[in-house]
Amino acid sequence: MNAGHLPILQVALPLIAAPLCVLLRRPAFAWAFTTLVSWALLAMSILLLIRVMADGVISYRLGGWAPPFGIEYRLDAVNCFVILVISAVAAVVTPYMRQSVAREITAPRHNLFYGVYLLALTGLLGIAATGDAFNIYVFMEISSLASYVLIGLGSSRRARAAAFQYLIMGTIGATFLLIGIGLLYMMTGTLNLADLSLRVAEVPDMRPIYAAFAFITIGVLIKLALFPLHIWLPNAYTHAPSAVSAFLAASATKVGAYVLLRFVFTLFGPEFSFERMPLMEILMPLSLIAILVGSGVAIFQHDLKRLFAYSSIGQIGYIALGISFASTSGLTGAIVHIFNHAMMKGGIFLALGCMMYRTGSVELSALHGLGRRMPFTMAALIIGGLGLVGVPLTSGFVSKWYLVQAALEADLWPVALLILLGSLVALIYVGRVIEAAYFRPPPPGAPAVREAPWQMLIPTWILLAASLYFGVHTDITVSVAERGAEMLLGLPA
Amino acid sequence: MTSLPPALIFFAGALLVGLAPARLRPAMTLLVPLFGGWNLWYVAGGGGLDVALFDTQLELVRADKLALLFGILFHLATFLACIYAFHLRDRMQQVTALIYAGGALGAVFAGDLITLFIGWEIMAVSSVFLIWARRTPRASSAGLRYLIMQISSGLLLLAGALLHISETGSPAFGAMGLGSLAGILIFTAFGIKCAFPLVHSWLTDAYPEATPTGMVFLSAFTTKVAIYGLARSFAGAEVLIYIGTAMAMFPIFFAVIENDLRRVLAFSLINQVGFMVVGIGIGSELAMNGAVSHAFNDVLFKGLLLMSMGAVLHQTGKINGSELGGLYKTMPITTGLCIVGAASISAFPLFSGFVSKSMVMVAAAEEGYWIVWLLLLFASAGVFHHAGIKIPYFAFFAHDSGIRTREPPLNMLLAMGLSAALCILIGVYPSLLYSLLPWEVHYVPYTADHVLTQLQLLFFSALAFAWLNLSGLYPPELPSVNLDADWLYRRLGVGIVRRAERVWIKAERAGARFAQYGTGVLQRSAARHYGPASVLARTWSTGFAALWIVVLLGICLILYYL
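Protein chains in written order, with this note's numbering: chain E, 145 to 637; chain X, 86 to 647.
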């Protein structure tokens with residue numbers, strides 16, 4: 145195999161695999177095939193990252209057409225890192241799906257489920273890999289349409305409503321993105337991101353560019369689910385099948401954050417976005433509100449999936465906050481948190497899937513006494529929760545470290561304090577979970593519950609072990625993130 | 086032979102204990118401090134251990150005399166508490182207690198602020214399990230309140246540490262003034278853990294809700310680590326003298342009216358910590374030595390008192406003074422050991438409290454803080470009343486409650502016996518403790534002798550008595566206090582304590598009402614704005630959500646075009 149074609153294979157493989165998967169009628173075959181594909185994707189993404197870290201940016205010409213005219217796949221430290229996160233999460237979640245999907249989705253649809261799942265994966269990987277603005281829109285639509293289906297497959301009837309709401313909101317977001325890209329195309333005549341970034345500055349009349357900037361930022365913020373555009377997220381995560389919640393929580397919003405980084409820094413450039421446009425003044429208050437509101441609402445939730453969905457809104461606030469600083473440490477914090485939060489939240493939703501598998505419920509009251517009866521699942525949940533609080537030795541601490549540092553560098557004292565206050569609020573909802581799992585007796589007459597099967601526990605623990613590992617060994621994640629941050633800011637690496 | 090970081094041994098031990106079968110667990114918890122103590126020998130001989138985190142160089146182990154003193158103390162305390170908890174069949178408590186002790190060791194051996202912070206947070210998170218392990222609804226909510234205070238302290242420390250590093254460029258955990266914002270933040274963080282007045286309530290609120298064995302662990306570490314931090318960074322900060330005096334004073338009144346005997350001891354813990362804080366505030370070598378040696382002794386005698394009350398709670402299931410009494414008939418050994426602890430905390434000659442508390446007071450007198458000295462004297466009398474007399478009297482004597490029970494398990498008696506022996510040993514041979522003190526080296530040429538003579542000849546009490554008599558500030562009958570406790574209770578009770586009590590009770594009630602009102606309002610408003618039915622948590626209709634998108638787009642467009 146020619147290693148030169150890795151960038152396109154990374155996207156083409158799941159795209160081709162998806163219809164094949166539908167043709168494999170037996171669920172077990174479909175699952176095994178999907179697992180193989182996801183592992184191959186992980187291997188390829190590791191190879192790509194190694195090559196990019198060694199040789200610098202890879203530019204791949206689709207069909208051999210030279211860049212501004214043909215479509216270019218452009219891989220640098222940032223998107224290789226995002227690709228790695230997505231494929232790693234997929235490689236861990238896919239083996240887990242077998243039991244979880246068998247329990248939560250009715251049988252005739254299993255091969256369809258895996259096919260759609262591969263399409264969602266295609267879309268997410270494509271967004272990250274491509275260097276073409278219109279391509280980003282296309283892949284975003286692929287991933288979104290597939291996500292609507294995945295969420296709609298949830299067992300409760302509300303899953304359909306949640307999927308429908310996500311569909312409306314997501315479509316508005318995608319349309320905004322398309323309008324923005326259209327305006328840019330109108331003014332510059334190009335769709336290649338690198339080419340756009342050069343030409344945008346030379347446009348004589350900047351007003352359509354301002355409009356494009358507004359449409360694109362709002363469109364992407366919907367995908368990112370930043371407050372107050374987060375409405376679709378809690379319902380979608382709550383009612384989707386457990387494995388889907390874990391996959392989407394760990395990857396979809398992360399890709400949204402990536403697209404924001406790409407447009408704001410690579411295309412428009414930090415000077416335009418933060419000095420000529422008041423992006424910081426818009427993004428920072430929204431992220432701070434997201435942190436406090438997301439975590440605050442999470443305290444009062446009784447459904448654990450919903451609780452952690454609201455916690456996601458708060459954590460997304462941290463990512464957006466890091467971006468809003470537009471400084472090296474802020475962006476490092478944001479990129480590291482993209483990775484860390486993917487591991488922690490993915491692991492948490494997988495643990496909730498284990499709980500769902502055994503008890504059939506993810507209510508807070510169903511947690512009572514599970515600390516003793518499902519010790520590994522509950523320990524996983526607690527470790528993930530402590531990571532969300534940002535306790536030292538978990539990876540959440542590393543992200544918060546850089547965010548607080550960025551706030552201090554920018555002389556924004558109150559922001560640093562609000563970040564820490566957010567941790568305190570997170571502590572309360574995590575404390576409630578710990579208290580329910582370990583210190584409440586199981587209700588009388590509760591059915592006997594066993595520990596979840598090992599096929600589900602191992603993926604859960606891989607993600608959480610990774611979050612612990614990268615909480616202690618920070619050099620890998622931080623060096624990649626720092627390099628990405630410097631590149632986005634246009635600093636010499 | 087190279088040494089390991091002491092904290093690491095405890096963490097590894099906690100892991101092994103967690104995985105071990107139930108039968109072996111108690112014995113393994115004992116091995117951890119023993120092995121740690123052996124390792125400590127090498128730590129004392131070896132240099133520091135540095136690792137790099139982020140771009141900062143961390144110093145995991147800084148083994149100077151101050152750190153080693155607390156290191157030895159914490160190993161000793163863990164060992165005694167593990168014996169005391171030997172009968173326990175609760176994996177969670179055994180594991181978290183060791184992690185908690187490890188966090189405390191990590192903090193006192195930390196050479197930089199980041200390591201300190203990590204130890205600080207580990208302590209906070211692990212210790213709360215010792216409270217929750219009581220498994221009562223009261224314990225669970227008290228534990229959560231405790232955790233919030235502890236984490237707040239940790240966050241203040243983190244903020245202060247980051248600011249300090251960005252200001253000075255060095256993460257070193259050393260002397261630091263109150264002149265900068267970083268210093269004030271770190272000072273506040275220490276202050277919360279140290280139970281400064283107004284932020285003390287987590288201690289008296291949560292500790293008495295812990296399990297009998299848990300409270301023995303809790304009393305040994307958290308406040309002592311805070312004392313260590315203050316001694317390390319804020320020695321000689323004058324404000325500490327007044328804070329410490331307040332801490333030594335106010336708990337007396339609460340302790341007198343408190344019925345839960347373990348809560349009495351929690352107040353008494355704040356009171357003793359107050360003496361240490363005063364010593365650090367004075368900052369002379371004598372005072373600092375007094376502060377840290379009193380910390381050392383306090384762990385032993387407060388541990389002993391808590392163990393005896395824990396034994397009572399364990400045997401009878403009751404801990405309120407009004408429900409107990411007459412237990413000396415059935416628990417004579419516990420009674421005797423409790424009295425040793427009571428004598429130590431009241432600083433009787435030949436008991437350990439005597440050899441350390443007076444150092445602080447002499448230092449206060451030497452530096453000319455006469456009013457402080459006087460208040461501390463009053464506080465000492467108060468200690469004698471509430472800890473020295475009230476605790477053994479209500480539990481073991483007083484009216485016979487009719488409870489007939491037995492002596493606690495052998496391991497509890499053994500732990501109490503060892504603690505009592507140490508209290509007497511240090512009281513009789515204070516040089517054992519003094520040889521460990523950090524500032525002795527500077528001290529030898531002209532004062533070591535002096536102090537020893539002074540203490541052993543009861544110089545201090547004579548001076549106090551004489552000076553008070555001469556100045557006429559003190560009722561002349563007080564020296565007879567030691568002879569008749571009842572008299573103190575009635576006379577001073579009627580005269581001063583009652584009135585002060587009334588004021589304090591009123592103040593406390595008003596404070597509690599205010600706090601209740603405040604938390605009530607906070608809770609209600611939080612539930613209104615964040616609860617499931619609130620506008621933030623409701624599922625908005627899709628149209629409404631779309632409207633938001635348009636509004637935000639409009640705002641963005643306006644802002645961009647401006």
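Ideal Cβ placement from N, Cα and C applies to all residues, glycine included.
A distance below 8 Å between beta-carbons, with the five flanking residues on each side excluded, links Ile563 (chain E) to the following residues of its chain, in chain order: Ile435, Tyr462, Leu465, Lys544, Leu547, Val548, Ala551. Here DSSP, grouped into helix, strand and coil, assigns Glu216 (chain E) to strand. With respect to the C-alpha of Gly491 (chain E), the residue from E:Leu167, E:Leu365, E:Gly528 having the closest C-alpha is E:Gly528. Cβ neighbours of Ser182 (chain E) within its own chain (closer than 6 Å, five residues either side excluded): Ala234, Ala235, Thr238. The closest CA to that of Arg169 (chain E), considering only E:Pro158, E:His254, E:Tyr240, is found on E:His254. By alpha-carbon distance to Ile199 (chain X), the top candidate from X:Gly245, X:Thr298, X:Ile312 is X:Gly245.
With contacts defined as CB atoms closer than 8 Å, Ala112 (chain X) and Ile184 (chain X) fail to qualify as a contacting pair. Within the model, the alpha-carbon separation for Met361 (chain X) versus Pro536 (chain E) is close to 30 Å. According to DSSP, residue pairing for Ser203 (chain E) in a beta bridge involves E:Arg218. Using a C-beta cut-off of 8 Å, the segment 289-304 of chain E makes no contact with the segment 208-222 of chain E, since fewer than three inter-stretch Cβ pairs fall below that distance. Taken atom to atom, the span from the alpha-carbon of Gln400 (chain X) to that of Leu266 (chain X) is near 50 Å. Distance from the Cα of Ser437 (chain X) is smallest, within the candidate group X:Ala380, X:Ala97, X:Met416, for X:Ala380. For Lys398 (chain E), the closest alpha carbon among the candidates E:Ala523, E:Pro372, E:Ser231 is that of E:Ser231. Phe306 (chain X) has a beta carbon lying at 8 Å or more from every beta carbon in chain E.
At a cut-off of 8 Å between beta carbons, Ser567 (chain E) contacts chain X. Interface residue (Cβ-Cβ distance to chain X less than 8 Å): Gly440 (chain E) is classified as such. Residue environment for Pro171 (chain E): buried (at least 16 other C-beta atoms within 10 angstroms of its C-beta). Inter-segment contact for the segment 414-426 of chain X and the segment 495-503 of chain X is present: three or more beta-carbon pairs are separated by less than 8 Å.
Fully enclosed beta strand (DSSP E) runs of no fewer than 3 residues are not present anywhere in the segment 353-385 of chain X. Between the alpha carbons of Lys449 (chain E) and Phe177 (chain E) lies a distance of about 29 Å.
Fewer than three pairs of CB atoms, one per stretch, sit closer than 8 Å, so the segment 498-513 of chain E makes no contact with the segment 618-630 of chain E. Counting along the chain, His481 (chain E) sits inside the alpha helix (DSSP H) bounded by residues 472-503. For Tyr646 (chain X), a Cβ of chain E is located within less than 8 Å of the residue's own Cβ. Ala609 (chain E) is outside the set of residues whose beta carbon lies under 8 Å from a beta carbon in chain X. It is roughly 7 Å from the alpha-carbon of Ala305 (chain X) to the alpha-carbon of Ala162 (chain X). For Ala257 (chain X), the secondary structure class from DSSP, reduced to helix, strand or coil, is strand. For Ser439 (chain E) against Asn484 (chain E), the beta-carbon gap comes to about 16 Å, at or over 8 Å, which does not count as contact. A direct Cα-Cα distance of roughly 11 Å separates Leu568 (chain E) from Leu241 (chain X).
The shortest CA-to-CA distance from Gly589 (chain E) to any of E:Val616, E:Gly513, E:Pro603, E:Phe520 is the one to E:Gly513. In this structure, the CA atom of Tyr519 (chain X) is about 8 Å from the CA atom of Ser378 (chain X). A direct Cα-to-Cα measurement between Ser255 (chain X) and Asp197 (chain X) gives close to 9 Å.
Along the length of the segment 256-296 of chain X, whole alpha helix (DSSP H) runs at least 4 residues long occupy 266-278, 286-291, reported in chain order. Taking 8 Å as the cut-off, the beta carbon of Arg220 (chain X) is found no closer than this to the beta carbon of Pro293 (chain X). By the Cβ-count criterion, Tyr169 (chain X) is buried, with 16 or more other Cβ atoms from all chains shown falling within 10 Å of its own Cβ. Annotated as proximal: Leu335 (chain E) and Asp276 (chain E), with beta-carbon spacing under 8 Å. Distance check between Ala316 (chain X) and each of X:Arg491, X:Ile271, X:Phe171, X:Val341 places X:Ile271 closest, using alpha-carbon atoms only.
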